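Numbering of the sequence shown is given in numbering that gives the first Met the number 0, commencing with residue 0 and proceeding in unit increments.
A quick write-up on the structure given underneath.
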Amino acid sequence: MGDHSQLAPLQPVVRKEPKGVVLVIYPFNPPIWTCIDPLVGTISAGNAIAVKPSKMGPHVSTLFADLIPKYLVPKLIAVVNGAAPEATKLLELRWDHSEQYTGGRRVGRIVSIATVKHLTPVSLHLGSWVWGHPYGVRWWKLRWIF
């Protein structure tokens with residue numbers, strides 16, 4: 000690999016500082032875990048978060064909108080319920096850090112184009128692949144295998 004002795008005098012420093020406000024848009028199929036996972040990480044890192052639940056899970060969205068302000072700090076967490084118009088308005092805003100979106104490719108393109116306008120880092124989890132399958136086999140192909 001080589002000699003790295005010239006790097007010995009360097010003293011790297013880890014700076015622990017919050018990134019700012021993060022937008023998370025999550026899908027309806029695993030609504031609770033997909034929302035709580037980035038929520039915990041974002042808040043524990045010292046950031047604020049805006050959560051946009053899926054319109055397809057209205058009961059979970061309403062539950063989150065009721066419980067999050069009740070048990071967590073409302074100034075750090077905002078739950079925005081709604082459909083495409085509300086999501087479009089959220090994407091027009093400038094966010095300090097990674098907008099996390101989990102869902103399909105069509106909306107993923109819309110999210111990534113919206114983040115380019117403000118040069119916001121983005122995390123996209125796209126596709127309809129079977130989770131954990133090493134070859135990305137679609138679910139209907141698995142039905143024929145089993």
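Note that CB positions come from ideal geometry on N, CA and C, so glycine has one too.
Note that the structure is predicted; figures quoted are calculated from it, not measured.
Beta-carbon proximity check, residue i vs residue j, cutoff 8 Å
i, j, result
"valine 50", "leucine 38", "yes"
"proline 8", "glycine 102", "no"
"valine 20", "cysteine 34", "no"
"threonine 41", "isoleucine 48", "yes"
"threonine 114", "valine 106", "no"
Residue i classed as buried or exposed, judged by whether at least 16 other C-beta atoms fall within 10 angstroms
i, result
"tryptophan 94", "buried"
"glutamate 91", "exposed"
"glycine 45", "exposed"
"proline 52", "buried"
"threonine 87", "exposed"
"leucine 118", "exposed"
Contact belief for residue i with residue j at Cβ below 8 Å, rounded distance in angstroms
i, j, result
"serine 60", "asparagine 80", "5 Å"
"arginine 104", "leucine 125", "5 Å"
"lysine 54", "alanine 82", "4 Å"
Any non-hydrogen atom of the ligand NAD closer than 7 Å to residue i Cβ
i, result
"aspartate 95", "In the structure on display, the ligand NAD does not appear, and there are no ligands present to speak of."
**Prompt:** Three or more beta-carbon pairs under 8 Å between the stretch 96-103 and the stretch 69-79, yes or no?
**Reply:** no
**Complete runs of the beta strand (DSSP E) confined to the stretch 80-120 [at least 3 residues]** = 98-102
**Asked** Of all the alpha helix (DSSP H) runs that stay within the bounds of the stretch 8-58, which reach a length of 4 or more residues?
**Response** Counting whole runs of 4 or more residues, the stretch 8-58 contains the alpha helix (DSSP H) stretches 30-43.
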